[in-house]
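Enquirer:
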Amino acid sequence: MSVTPSPIETNAPKPLKKGSLVRVNPEAYKNSLESLASDQSSPEYIFEGPGELVAIKQDYGQVRWRRPVPDVWLRLDQLQAWTEGS
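Numbering-wise (this note's numbering), the sequence shown opens with residue 146 and increments by one.
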């Protein structure tokens, strides 16, 4: 009888999926192509969150903010899960 090793728990972030609440990671966003194509000063609400991930296509996610602003497409590696108080 073989023993199945128990899975090792890691602190790796869970993958983002449609419906996830997210915010923009400032370190990943800074000096990216997306930030260079935008205004020089990014609005604070994108870093505070939450925005809802409404669609995913390959490496990009469409984020809808809880404000009267257009949805934006950002690379998934620039997004992180939003948590209360983050």
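Every residue, glycine too, gets a C-beta built ideally from N, C-alpha and C.
Since the model is a prediction, treat every value here as computed from it, not as a measurement.
Please say whether Glu193 and Gln223 have beta carbons closer to each other than 9 Å?
Expert: Not a contact, by the Cβ cut-off of 9 Å.
Enquirer: In three-state terms, what does DSSP make of Glu197?
Expert: DSSP places Glu197 in strand when its eight states are reduced to three.
Enquirer: Taking 9 Å as the threshold (C-beta atoms), are Leu198 and Val238 in contact?
Expert: Within the shown structure, residues of the chain are numbered from 146 to 231, placing residue 238 beyond reach of any answer.
Enquirer: Using the Cα positions of Trp227 and Asp184, report the straight-line distance between them to the nearest angstrom.
Expert: For Trp227 and Asp184, the distance between alpha carbons rounds to 24 Å.
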